[in-house]
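Data block below; observations after.
There are 2 protein chains.
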Amino acid sequence: MSDVARHAGVALGTVSNTMNNPDKVSEATRRKVQAAIAELGFIRNDAARSLATGTSSTIGIVLADLSNSFFVDIARGADATARQHGMNLIIANSDVDLAKQSMNISLFEESRVAGVLLAPLDTAYVRGSATLLRSTPLVLVNFAAESGHYAGVVADEEHGGYEAAQHLIGLGRTRLAFLGGPLLLTAVAQRLEGARAAVAANPGVTLEHIETRGLNIPHGRHAGQDILARGAGTFDGLVAASDLLAVGAIQILDGKPGFDVPTDLAVVGYDNNHFASESAIPVSTISQHGEEMGRVAAQLLMNEIQGGPTTIKQTVVIKPDLIPRRSSLGDAWRRD
Amino acid sequence: MSDVARHAGVALGTVSNTMNNPDKVSEATRRKVQAAIAELGFIRNDAARSLATGTSSTIGIVLADLSNSFFVDIARGADATARQHGMNLIIANSDVDLAKQSMNISLFEESRVAGVLLAPLDTAYVRGSATLLRSTPLVLVNFAAESGHYAGVVADEEHGGYEAAQHLIGLGRTRLAFLGGPLLLTAVAQRLEGARAAVAANPGVTLEHIETRGLNIPHGRHAGQDILARGAGTFDGLVAASDLLAVGAIQILDGKPGFDVPTDLAVVGYDNNHFASESAIPVSTISQHGEEMGRVAAQLLMNEIQGGPTTIKQTVVIKPDLIPRRSSLGDAWRRD
DNA sequence: CCTCACAATTGAAGCGTTTCATTCGGAAAA
DNA sequence: TTTTCCGAATGAAACGCTTCAATTGTGAGG
Chain A
1 MSDVARHAGV
11 ALGTVSNTMN
21 NPDKVSEATR
31 RKVQAAIAEL
41 GFIRNDAARS
51 LATGTSSTIG
61 IVLADLSNSF
71 FVDIARGADA
81 TARQHGMNLI
91 IANSDVDLAK
101 QSMNISLFEE
111 SRVAGVLLAP
121 LDTAYVRGSA
131 TLLRSTPLVL
141 VNFAAESGHY
151 AGVVADEEHG
161 GYEAAQHLIG
171 LGRTRLAFLG
181 GPLLLTAVAQ
191 RLEGARAAVA
201 ANPGVTLEHI
211 ETRGLNIPHG
221 RHAGQDILAR
231 GAGTFDGLVA
241 ASDLLAVGAI
251 QILDGKPGFD
261 VPTDLAVVGY
271 DNNHFASESA
281 IPVSTISQHG
291 EEMGRVAAQL
301 LMNEIQGGPT
311 TIKQTVVIKP
321 DLIPRRSSLG
331 DAWRRD
Chain B
1 MSDVARHAGV
11 ALGTVSNTMN
21 NPDKVSEATR
31 RKVQAAIAEL
41 GFIRNDAARS
51 LATGTSSTIG
61 IVLADLSNSF
71 FVDIARGADA
81 TARQHGMNLI
91 IANSDVDLAK
101 QSMNISLFEE
111 SRVAGVLLAP
121 LDTAYVRGSA
131 TLLRSTPLVL
141 VNFAAESGHY
151 AGVVADEEHG
161 GYEAAQHLIG
171 LGRTRLAFLG
181 GPLLLTAVAQ
191 RLEGARAAVA
201 ANPGVTLEHI
211 ETRGLNIPHG
221 RHAGQDILAR
231 GAGTFDGLVA
241 ASDLLAVGAI
251 QILDGKPGFD
261 VPTDLAVVGY
271 DNNHFASESA
281 IPVSTISQHG
291 EEMGRVAAQL
301 LMNEIQGGPT
311 TIKQTVVIKP
321 DLIPRRSSLG
331 DAWRRD
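What follows is the structure in structure tokens.
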């Protein structure tokens with residue numbers, strides 16, 4: 001920077017001012033300095049900058065799993081509001097690995113980002129440690145902190161489960177199955193709870209829980225085999241705890257006599273993963289609005305960055321919505 | 001850090017040494033210092049650190065489109081080798097926006113990352129500016145630099161197109177269509193070229209190019225309508241320039257009389273996007289090995305970081321592979 | 001008992017910014 | 001002419017670390 005100063009014939013502080021407080025510098029000087037900057041190809045050293053100011057205009061987001069489009073949506077939303085506030089977002093992927101998650105968090109902490117967004121694994125990590133970060137503001141996404149330690153944004157899983165079941169019931173289905181597990185995943189348990197609530201509110205409708213060992217396609221196929229073995233007509237509606245489960249089950253069941261989707265068996269998934277609308281039978285699903293969750297989370301983080309540690313740590317709950325598609329509506333469904 | 005030093009009863013430099021050159025510090029002192037660090041919850045300030053050293057142990061990757069799983073794979077691979085070298089990877093998403101891409105690059109440059117990986121948009125950006133970065137090492141992924149300005153990793157698109165067509169020909173298909181466009185996307189043009197080469201090598205096989213205006217599902221559906229209009233039997237094999245195109249076309253065509261996939265029409269996509277194996281008719285595809293490309297790119301970057309600017313700027317070409325699935329093999333295909 | 005060599009430790013200089021008390025210079029007021 | 005004022009420009013101090021020349025302490029060798 002002193003090169004620039006010399007080249008423009010001004011003092012060090014003046015160069016700094018033309019970059020950070022342009023109104024404190026006269027028109028003529030500003031131009032000289034900018035010319036010098038351009039000519040020398042000067043690039044400000046962010047390390048020195050944030051060392052001097054003690055702040056940073058970068059926020060970091062730690063994502064549990066980049067290959068899940070839900071998390072990508074969150075990152076997108078966060079990126080949008082961060083940019084609106086003149087801040088930049090950098091992403092770190094934990095790849096469903098607790099150790100990597102910790103590393104990523106300390107990495108951000110060491111690099112003194114202005115704040116951290118954390119979309120964690122559904123495990124004991126957050127629960128366990130009351131304080132993750134000493135002084136860097138932290139907002140949780142898709143995971144509620146205990147007792148207001150951190151601000152956060154969560155989806156109303158129970159409402160989502162309710163909506164899914166209610167949708168099928170509204171279509172006249174009465175023999176429902178809920179596909180999902182393991183139940184120690186709180187999200188799955190809550191979705192099941194919601195589905196049960198919907199069934200309880202509608203006499204004559206039954207719900208059976210078919211527990212799976214995970215939420216991926218193979219688990220869905222496995223469950224599909226079970227349902228197949230139970231015989232045609234056992235169920236006429238299927239609430240899956242993830243789109244992957246739904247797709248797996250559909251792959252096994254659809255086409256088998258008595259298991260046409262959706263004529264014999266209407267299916268609703270969960271998550272609105274990108275491929276849910278792209279599969280050959282587009283899957284009805286519950287959308288978690290990842291982008292909005294990201295946006296809100298980033299906004300909460302901004303508040304905390306500007307407001308200091310006294311800011312109240314609120315948890316925003318976002319209601320998911322049903323997106324009906326062919327797997328439940330059949331030919332009545334029209335693509336937008 | 002001086003707090004730590006005082007607390008441990010040692011000098012500033014000693015604290016620094018126990019963190020960076022533990023072998024220069026006696027066992028006893030090291031333990032004292034580490035105790036102090038733990039007790040005070042000290043976190044080293046990376047800004048000061050990299051200001052003092054002039055280096056950084058972080059590399060950045062700028063991705064054209066996070067919602068494309070190919071780019072996510074690249075990030076994964078890069079992350080893996082970066083970690084092996086004790087460096088950390090942070091991701092920035094350009095979201096198919098040239099302005100954001102430039103911002104992200106300068107952001108990394110200002111923060112003095114050790115190096116940058118760039119998986120750019122297929123546009124004039126890289127072509128246009130001979131020098132993107134003044135002094136930060138830069139390696140391109142999925143895009144070749146002109147005349148050795150930058151090291152890079154690219155996929156052999158032509159080979160991929162060849163393999164796709166050859167696969168169909170090997171299955172006895174003779175009336176092929178190539179779905180894809182616009183042709184100003186160099187990747188699409190090269191894939192078409194490869195497919196043509198395969199056809200040329202097999203007398204009696206024909207190939208028609210059906211140009212699309214993009215590579216997404218709706219474009220695939222649109223093309224599917226065209227093919228439908230051409231009548232059953234016009235084509236018996238379809239090479240799509242992307243999995244999305246393939247899926248879109250399949251959604252329109254499969255089930256229509258004379259258009260059963262793969263009996264009447266065998267389909268091969270391109271990219272091995274995650275959903276390609278997850279759709280109801282798993283799509284045969286050409287895999288670009290994104291993870292490997294990311295790994296190799298990161299390795300090239302490491303070489304350049306350690307070797308200085310004199311390192312030769314090689315471009316590594318990675319051959320894509322065919323992954324046959326049901327959309328071409330039919331019932332002969334067995335899931336792994 | 002004195003030297004020497006060597007490992008452990010020290011502390012000041014320096015990295016490239018921002019910040020802020022000071023200084024400068026010229027126009028308006030007296 | 002002298003004084004006052006005020007925007008513009010200055011430059012030294014500080015940010016928290018690494019580095020390295022210098023210092024201290026210790027045991028071996030003479």
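So the sequence lines, in the order shown, correspond to chains A and B.
Just so we're aligned, residue 1 is where the first sequence starts under the UniProt record's numbering, counting upward by one.
Just so we're aligned, residue 1 is where the second sequence starts under the UniProt record's numbering, counting upward by one.
Think of the CB as a built atom: it goes at the ideal place given N, C-alpha and C, for glycine as much as any other residue.
Item to check | Assigned secondary structure, residue 139(B) (DSSP; H/G/I helix, E/B strand, else coil) | outcome: Position 139 of the second sequence, counted from the first residue, corresponds to residue 139(B). Residue 139(B): strand per DSSP, three-state reduction.
Checklist entry - To the nearest whole angstrom, what separates the beta carbons of residue 154(A) and residue 164(A), a pair I think is in contact under 8 Å? => result By 1-based counting over the first sequence, the position of residue 154(A) is 154. By 1-based counting over the first sequence, the position of residue 164(A) is 164. Going by Cβ atoms, the distance from residue 154(A) to residue 164(A) rounds to 18 Å, so no, they are not a contact pair.
Item to check | DSSP three-state assignment for residue 117(A), whether helix, strand or coil | outcome: One-based indexing of the first sequence puts residue 117(A) at position 117. Taken through DSSP and simplified to helix, strand or coil, residue 117(A) comes out as strand.
Checklist entry - Using 8 Å as the Cβ pair cut-off and three pairs as the minimum, do the stretch 297-305 of chain A and the stretch 268-283 of chain B touch? => result Touching, no, given that fewer than three Cβ pairs across the two stretches are closer than 8 Å.
Next on the checklist: Give me, in chain order, the residues of the same chain whose beta-carbon lies closer than 6 Å to that of residue 208(A); leave out the 5 immediate sequence neighbours on both sides.
Outcome noted: Numbered from its first residue, the first sequence carries residue 208(A) at position 208. Excluding residues up to 5 positions away in sequence, 177 lie with their Cβ nearer than 6 Å to the Cβ of residue 208(A) in the same chain.
Next on the checklist: Can you list, in chain order, the residues of its chain with a C-beta nearer than 7 Å to that of residue 85(A)? Leave out the 5 residues immediately preceding and following it.
Outcome noted: Locating residue 85(A) in the first sequence gives position 85, where the first residue counts as 1. Apart from sequence neighbours up to five positions away, the residues of its chain that approach residue 85(A) with a beta-carbon distance below 7 Å are 302, ordered along the chain.
Checklist entry - Going by alpha carbons, who is nearest to residue 281(A) out of 174(A), 260(A), 291(A) and 293(A)? => result Counting from one through the first sequence, the residue named residue 281(A) turns up at place 281. Across the set 174(A), 260(A), 291(A) and 293(A), the C-alpha of 260(A) shows the shortest separation from the C-alpha of residue 281(A).
Checklist entry - Is residue 112(B) close to chain A, meaning its C-beta is less than 7 Å from at least one C-beta of that chain? => result Numbered from its first residue, the second sequence carries residue 112(B) at position 112. Yes, its Cβ sits closer than 7 Å to a Cβ of chain A.
Item to check | Rounded straight-line distance, which links the Cα of residue 55(B) to that of residue 218(A) | outcome: Taking the first sequence and counting its residues from 1, one reaches residue 218(A) at position 218. Taking the second sequence and counting its residues from 1, one reaches residue 55(B) at position 55. Whole-angstrom Cα-Cα distance: 46 Å.
Checklist entry - In or out: residue 200(B) buried (at least 16 other Cβ within 10 Å) or exposed? => result Counting from one through the second sequence, the residue named residue 200(B) turns up at place 200. Exposed, by the Cβ-count rule.
Checklist entry - Which residues mark the beginning and the end of the alpha helix (DSSP H) in which residue 220(B) is found? => result Looking up residue 220(B) in the second sequence gives position 220. Run containing residue 220(B): 217-230, per the alpha helix (DSSP H) assignment.
Checklist entry - Are the C-beta atoms of residue 318(B) and some chain A residue less than 7 Å apart? => result Looking up residue 318(B) in the second sequence gives position 318. False, the Cβ-Cβ gap to chain A never drops below 7 Å.
Next on the checklist: Between residue 251(B) and chain A, is any beta-carbon pair separated by less than 7 Å?
Outcome noted: The sequence position of residue 251(B) within the second sequence is 251, counting from 1. At least one chain A Cβ lies under 7 Å of residue 251(B).
Item to check | CB contact flag (residue 324(B), residue 288(B), <7 Å) | outcome: Position 324 of the second sequence, counting from 1, holds the residue named residue 324(B). Position 288 of the second sequence, counting from 1, holds the residue named residue 288(B). The Cβ-Cβ distance between residue 324(B) and residue 288(B) does not fall below 7 Å.
Next on the checklist: Is it buried or exposed, residue 10(A), if we count other Cβ atoms within 10 angstroms and call 16 or more buried?
Outcome noted: Within the first sequence, the letter at position 10 stands for residue 10(A). Taking all protein chains in view, the Cβ of residue 10(A) is crowded by 16 or more other Cβ atoms within 10 Å, so the residue is classified as buried.
Item to check | Residue from 43(B), 30(B) and 264(B) whose Cα sits closest to the Cα of residue 1(B) | outcome: What you label residue 1(B) is simply residue 1 of the second sequence in a count that begins at 1. Comparing Cα-Cα distances from residue 1(B) to each of 43(B), 30(B) and 264(B), the minimum goes to 43(B).
Item to check | CA nearest to the CA of residue 107(B), picked from 82(B), 136(B) and 88(B) | outcome: Numbered from its first residue, the second sequence carries residue 107(B) at position 107. Here the closest residue by C-alpha is 136(B).
Next on the checklist: Check whether the stretch 227-239 of chain A and the stretch 175-190 of chain A are in contact - that is, three or more C-beta pairs closer than 8 Å.
Outcome noted: Here the stretch 227-239 of chain A makes contact with the stretch 175-190 of chain A; the two share three or more CB pairs at distances below 8 Å.
Item to check | Bridge partners - residue 315(A), DSSP secondary structure assignment | outcome: Here residue 315(A) refers to the residue found at position 315 when the first sequence is read from its first residue. Paired residues: 152(A).
Item to check | Any chain A beta carbon closer than 7 Å to residue 88(B) | outcome: Within the second sequence, the letter at position 88 stands for residue 88(B). Yes, residue 88(B) lies at the interface with chain A (some Cβ there is under 7 Å from its Cβ).
Checklist entry - How about residue 51(A): is its C-beta nearer than 7 Å to some C-beta of chain B? => result Locating residue 51(A) in the first sequence gives position 51, counting from the first residue. Chain B has a Cβ within less than 7 Å of the Cβ of residue 51(A).
Next on the checklist: For chain B, check one thing: does any of its Cβ atoms lie closer than 7 Å to the Cβ of residue 280(A)?
Outcome noted: Walking along the first sequence from the start, residue 280(A) turns up at place 280. For residue 280(A), the answer is yes, since a Cβ of chain B falls inside 7 Å of its Cβ.
Checklist entry - Is residue 14(A) buried or exposed, if buried means 16 or more other CB atoms sit within 10 Å of its CB? => result Taking the first residue of the first sequence as 1, we reach residue 14(A) at position 14. That one is buried.
Checklist entry - At a CB-CB cut-off below 8 Å, which residues of chain B make contact with residue 44(A)? => result The residue labelled residue 44(A) in the question sits at position 44 within the first sequence. Neighbours of residue 44(A) on chain B, chain order: 110.
Checklist entry - From the beta carbon of residue 125(B), is the nearest beta carbon of chain A less than 7 Å away? => result On the second sequence, residue 125(B) is found 125 positions in, with the first residue counted as 1. In this prediction, residue 125(B) scores a pLDDT of 49, lower than 50, which makes its location untrustworthy; no coordinate-derived value is stated.
Checklist entry - Out of curiosity, what's the CA-to-CA distance linking residue 171(B) and residue 248(A)? => result Within the second sequence, residue 171(B) is the residue found at index 171, counting from 1. Within the first sequence, residue 248(A) is the residue found at index 248, counting from 1. Rounded to the nearest angstrom, the two C-alpha atoms are 28 Å apart.
Checklist entry - Which of the three DSSP states, helix, strand or coil, is assigned to residue 29(B)? => result Position 29 of the second sequence, counted from the first residue, corresponds to residue 29(B). Residue 29(B) falls in the helix class under three-state DSSP.
Checklist entry - At what residue ranges does the stretch 232-320 of chain B contain a whole run of the beta strand (DSSP E), taking only runs of 3 or more? => result Taking only runs of at least 3 residues, the beta strand (DSSP E) segments lying wholly in the stretch 232-320 of chain B are 237-240, 266-268, 285-287 and 315-318.
Checklist entry - How far does the beta strand (DSSP E) with residue 60(B) in it reach, from first residue to last? => result The residue given as residue 60(B) occupies position 60 in the second sequence. Unbroken beta strand (DSSP E) run through residue 60(B): 58-63.
Next on the checklist: For residue 73(B) and residue 290(B), I'd like the C-alpha separation in whole angstroms.
Outcome noted: For the purposes of this step, residue 73(B) is taken as the residue at position 73 of the second sequence. For the purposes of this step, residue 290(B) is taken as the residue at position 290 of the second sequence. Approximately 5 Å, taken between the alpha carbons.
Item to check | Bridge partners - residue 343(B), DSSP secondary structure assignment | outcome: Within the shown structure, residues of chain B are numbered from 1 to 336, placing residue 343(B) beyond reach of any answer.
Next on the checklist: Tell me which residues share the same chain as residue 292(B) and place their Cβ nearer than 8 Å to its Cβ, disregarding the 5 neighbours each side in the sequence.
Outcome noted: For the purposes of this step, residue 292(B) is identified with residue 292 of the second sequence, where counting begins at 1. The residues are 77 and 318.
Checklist entry - Below 7 Å between beta carbons: does that hold for residue 152(A) and residue 315(A)? => result The count along the first sequence starts at 1 and reaches residue 152(A) at position 152. The count along the first sequence starts at 1 and reaches residue 315(A) at position 315. Yes.
Checklist entry - In the structure shown, what three-state DSSP assignment does residue 214(B) receive? => result Residue mapping note: residue 214(B) aligns to position 214 of the second sequence, counting from 1. Reduced to three states, the DSSP call for residue 214(B) is coil.
Item to check | Nearest-angstrom beta carbon gap, residue 115(B) and residue 59(B) [assumed within contact, 8 Å] | outcome: On the second sequence, residue 59(B) is found 59 positions in, with the first residue counted as 1. On the second sequence, residue 115(B) is found 115 positions in, with the first residue counted as 1. With 8 Å as the limit, residue 59(B) and residue 115(B) qualify as a contact, their Cβ atoms being about 5 Å apart.
Item to check | Collapsed DSSP secondary structure at residue 322(B) in the structure displayed | outcome: As a working note, residue 322(B) is residue 322 in the second sequence. Correct three-state label for residue 322(B): strand.
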